[in-house]
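**Student:** Before I ask anything, let me first share the structure, which is written out below as structure tokens.
There are 2 protein chains.
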Amino acid sequence: MKNPETLGITGEDAEDPGRECMALAQVIDRIGDKWTVMVVGHLSSGAMRFNAIQRAIPGISHRMLTLTLRGLQRDGLVDRRSFGTVPPRVEYRLTALGQSLCAPLTALAAWASDHRRDVETARHRYDAGDS
Amino acid sequence: MKNPETLGITGEDAEDPGRECMALAQVIDRIGDKWTVMVVGHLSSGAMRFNAIQRAIPGISHRMLTLTLRGLQRDGLVDRRSFGTVPPRVEYRLTALGQSLCAPLTALAAWASDHRRDVETARHRYDAGDS
DNA sequence: CAGAATCCATCAAGATACTG
DNA sequence: CAGTATCTTGATGGATTCTG
Numbered sequence: 001m002k003n004p005e006t007l008g009i010t011g012e013d014a015e016d017p018g019r020e021c022m023a024l025a026q027v028i029d030r031i032g033d034k035w036t037v038m039v040v041g042h043l044s045s046g047a048m049r050f051n052a053i054q055r056a057i058p059g060i061s062h063r064m065l066t067l068t069l070r071g072l073q074r075d076g077l078v079d080r081r082s083f084g085t086v087p088p089r090v091e092y093r094l095t096a097l098g099q100s101l102c103a104p105l106t107a108l109a110a111w112a113s114d115h116r117r118d119v120e121t122a123r124h125r126y127d128a129g130d131s
Numbered sequence: 001m002k003n004p005e006t007l008g009i010t011g012e013d014a015e016d017p018g019r020e021c022m023a024l025a026q027v028i029d030r031i032g033d034k035w036t037v038m039v040v041g042h043l044s045s046g047a048m049r050f051n052a053i054q055r056a057i058p059g060i061s062h063r064m065l066t067l068t069l070r071g072l073q074r075d076g077l078v079d080r081r082s083f084g085t086v087p088p089r090v091e092y093r094l095t096a097l098g099q100s101l102c103a104p105l106t107a108l109a110a111w112a113s114d115h116r117r118d119v120e121t122a123r124h125r126y127d128a129g130d131s
């Protein structure tokens, strides 16, 4: 007798709430880190070169950008296009699959900006020791 | 001249794509781990006791469940209700804020199940060395 | 049952330097 | 410019033990 507002996360019968959770957990494990979502976010407005991305994302190290892009590329979310020039020129862009991920991510970003305050105040109250 | 499909992640003018990305990155940093999303997912169908949650989530350690719940509680997403009985009985449930997070998470879960195959095949192709 | 505390292995990520 | 390789450290998470 779950209330209708409990969200469809539990699937059709709510007999196995873990089902959808597992699927979600899998995605989160791959795209659920700071750098990955930031890279996807920036690429959502068009193709970018390696150093352009790095400049756009404050604090990301050379190495982490490489690894993040590699992971996204592996999962088919990002397409790497290398022009055979010298000095090298490599562009990264979202694939169709990558673009399709932007919609849910945008929803999450919207939630973030809508509730940022709520979370902050909750945290302050918690930290204030108000059990 | 971004194409309209590039998603609103960039905000109104696309002048600062990093803006929304930062917000998203912040949320991801807090809820973007396996255990957190699984706990939220399970609590979305109602209140649960500590051990019930642990049983529901295969592989989570006692310790990690504690930490995860503590974090969610701190952020105001989960409400901890302790009955003063002995042996102790503690129930966790989503707050209104926590419930509001379920919608975007569900969207992500939907994307996950829709594109799980695509990601897997992309990965196999990548691992096959097909540059 | 719920949870705090300690210990410990592992891994992720930064810094740095080198290559094509 | 784009990418690789190596090193080192600090955080993370698991196992275990103890308490109210």
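In order, the protein sequence lines correspond to chains A and B. Going by UniProt numbering, 60 is the number at position 60 of the first sequence; the sequence numbering is gapless. Going by UniProt numbering, 18 is the number at position 18 of the second sequence; the sequence numbering is gapless. Don't be surprised by glycine CBs; every beta carbon is placed ideally from N, CA and C. Computed from a predicted structure; not experimentally measured.
Distance check for residue 77 of chain B and residue 99 of chain B, CA to CA, integer angstroms please.
**Tutor:** Distance between the alpha carbons of residue 99 of chain B and residue 77 of chain B is about 8 Å.
**Student:** Please state whether the Cβ-Cβ distance between residue 49 of chain B and residue 86 of chain B is less than 9 Å.
**Tutor:** Their beta carbons are not under 9 Å apart, which means residue 49 of chain B does not touch residue 86 of chain B by this criterion.
**Student:** Determine which residues of the region 100-119 of chain B have a Cβ less than 9 Å from any Cβ of chain A, and write them out in chain order.
**Tutor:** For the region 100-119 of chain B, which is checked against every Cβ of chain A, the residues closer than 9 Å are 100, 101, 102, 103, 104, 105, 106, 107, 108, 109, 110, 111, 112, 113, 114, 115, 116, 118 and 119.
**Student:** Run down chain A in chain order and give the residues with a C-beta less than 7 Å from the C-beta of residue 20 of chain B.
**Tutor:** By Cβ distance, chain A contributes 41 and 109.
**Student:** Going by beta carbon distance, what residues of the same chain come within less than 7 Å of residue 125 of chain A, once the five residues before and after it are set aside?
**Tutor:** Nothing listed; no residue qualifies.
**Student:** Using the Cα positions of residue 128 of chain B and residue 73 of chain A, report the straight-line distance between them to the nearest angstrom.
**Tutor:** Looking at the two C-alpha atoms, the distance is approximately 13 Å.
**Student:** Note down, in chain order, each residue of its chain lying with its Cβ closer than 7 Å to the Cβ of residue 123 of chain A, except the 5 sequence neighbours on either side.
**Tutor:** Cβ neighbours of residue 123 of chain A beyond the five flanking positions: none.
**Student:** Would you say residue 12 of chain A reaches chain B, if we count a Cβ-Cβ gap shorter than 9 Å as a contact?
**Tutor:** Interpretation of residue 12 of chain A is limited by its pLDDT of 45, a score under 50 that renders its predicted location unreliable; no figure is taken from the coordinates.
**Student:** Kindly indicate which three-state DSSP category residue 79 of chain B falls into: helix, strand or coil?
**Tutor:** Of the three classes helix, strand and coil, the one that applies to residue 79 of chain B here is strand, per DSSP.
**Student:** Taking Cβ positions only, does residue 77 of chain B come closer than 9 Å to chain A?
**Tutor:** Chain A contact via Cβ: present.
**Student:** Hey, does residue 92 of chain A have any beta-carbon neighbour from chain B nearer than 9 Å?
**Tutor:** No, because no Cβ of chain B sits closer than 9 Å to the Cβ of residue 92 of chain A.
**Student:** Are the Cβ atoms of residue 134 of chain B and residue 68 of chain B separated by less than 9 Å?
**Tutor:** Absent from the model: residue 134 of chain B. The displayed extent of chain B is 1 to 131, so no value can be given.
**Student:** Excluding the five sequence neighbours on either side, which residues of its own chain have a C-beta within less than 8 Å of the C-beta of residue 54 of chain A, listed in chain order?
**Tutor:** So the qualifying residues of the chain are 60, 62 and 65.
**Student:** If I measure Cβ to Cβ from residue 9 of chain A and keep anything under 8 Å in the same chain, skipping five residues before and after, which residues do I get?
**Tutor:** Reliability fails at residue 9 of chain A, whose pLDDT of 44 lies under 50, so the model's placement of it is uncertain and the value that follows must be treated cautiously. Within the same chain, residue 9 of chain A has close Cβ partners 17, 20, 21 and 24.
**Student:** Going along chain B in order, which residues have a C-beta closer than 7 Å to the C-beta of residue 32 of chain A?
**Tutor:** What residue 32 of chain A touches in chain B: 28, 32 and 33.
**Student:** Using the three-state DSSP reduction, which class does residue 4 of chain B fall into: helix, strand or coil?
**Tutor:** The predicted model places residue 4 of chain B with a pLDDT of 40, which falls under 50 and marks its position as unreliable, so this point remains unresolved.
**Student:** Residue 73 of chain B touches chain A at which residues, Cβ-Cβ below 8 Å?
**Tutor:** Within 8 Å Cβ-Cβ: 126.
**Student:** Residue range of the alpha helix (DSSP H) that residue 90 of chain B falls in?
**Tutor:** Looking at the DSSP string, residue 90 of chain B is not in any alpha helix (DSSP H); the run it does join, the beta strand (DSSP E), is 89-94.
**Student:** Using the beta-carbon of each residue, which ones in chain A are nearer than 7 Å to residue 38 of chain B?
**Tutor:** Ordered by position in chain A, the residues that pass the 7 Å Cβ test against residue 38 of chain B are 21 and 25.
**Student:** With 16 as the cutoff for other CB atoms within 10 Å, does residue 52 of chain B come out buried or exposed?
**Tutor:** Classification of residue 52 of chain B: exposed, given that the 10 Å Cβ count is below 16.
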